[in-house]
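For reference, the structure is listed below as structure tokens.
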Amino acid sequence: MSAKLERLAQTLREILGDTLQSLVNDRGEVTIEVAAADYLRVAQTLRDHADLRFEQLIDVSGLDYAAYGNGAHEGRPKRFAAAAHLLSIKHNWRLRLRAFADDDAFPVLDSLVGVWPSANWYERETFDLYGIMFSGHPDLRRILTDYGFVGHPFRKDFPVSGHVEMRYDPEAGRVVYQPVTIEPRENTPRIVREENYGDVGHG
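Here it is in structure tokens:
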């Protein structure tokens with residue numbers, strides 16, 4: 003760990019204390035994890051504390067740890083999480099803040115829009131693609147999928163093909179649903195090698 007990241011890690015431990023569930027430095031990136039109940043309060047501290055000053059939110063990503071949700075990993079029984087990627091311009095360091103939603107069936111985390119307004123569309127995207135709700139969000143609507151879309155495409159159990167497609171019908175003046183018109187097929191790559199491929203001395 004570089005001296006700079008070691009200083010960041012030590013500062014986070016001192017300021018956040020027992021609120022930290024984990025702190026990991028991997029590949030030159032620091033990730034902290036907190037409980038869902040502490041997510042908003044920690045975000046405010048990260049922004050406002052003079053020794054941290056994470057003024058800018060770069061992104062909010064949804065995460066689906068499907069294998070964790072079915073108990074495949076000890077100590078991580080929860081499935082859905084959100085990760086906020088932060089930047090401190092003052093101190094020139096970056097941080098990832100992650101929190102797991104408590105309920106897999108209806109995942110909810112606090113919205114960070116009140117802390118960083120730029121979280122607005124990122125949280126809408128996370129809701130749309132992963133189904134994670136953000137309590138306190140001012141306008142939590144789908145942002146990428148189309149009218150009447152059912153499901154959340156980035157969940158690891160989302161079906162890769164369906165039986166219904168939709169299109170705009172100019173005669174009806176509305177979006178209509180109809181059976182899929184494309185035949186399902188498997189795309190298997192074909193490997194072509196020279197006849198003597200792999201023989202010793204073949205060049």
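Numbering (this note's numbering), first residue to last: 3 to 205.
Every residue gets a Cβ at the ideal spot worked out from N, C-alpha and C, and that includes glycine.
It should be emphasised that the depicted structure is a prediction, and the values quoted were computed from it without experimental measurement.
Taking C-beta separations shorter than 6 angstroms and ignoring five residues to either side along the sequence, the partners of D104 in its chain run A38, following chain order.
The bridge partners DSSP lists for T33 are V26, R98. By the criterion of at least three beta-carbon pairs nearer than 8 angstroms, the region 91-111 is in contact with the region 23-39.
Taking C-beta separations shorter than 6 angstroms and ignoring five residues to either side along the sequence, the partners of R144 in its chain run D130, following chain order.
Its Cα nearest to that of S90, the residue H51 stands out among D141, S137, L18, H51. In this structure, DSSP gives R143 a state outside helix and strand, which the three-state scheme calls coil. Around the beta carbon of A84, 16 or more other beta carbons lie within 10 angstroms, which makes this residue buried.
Nearest Cα to V44 within the set V117, L142, R169: V117.
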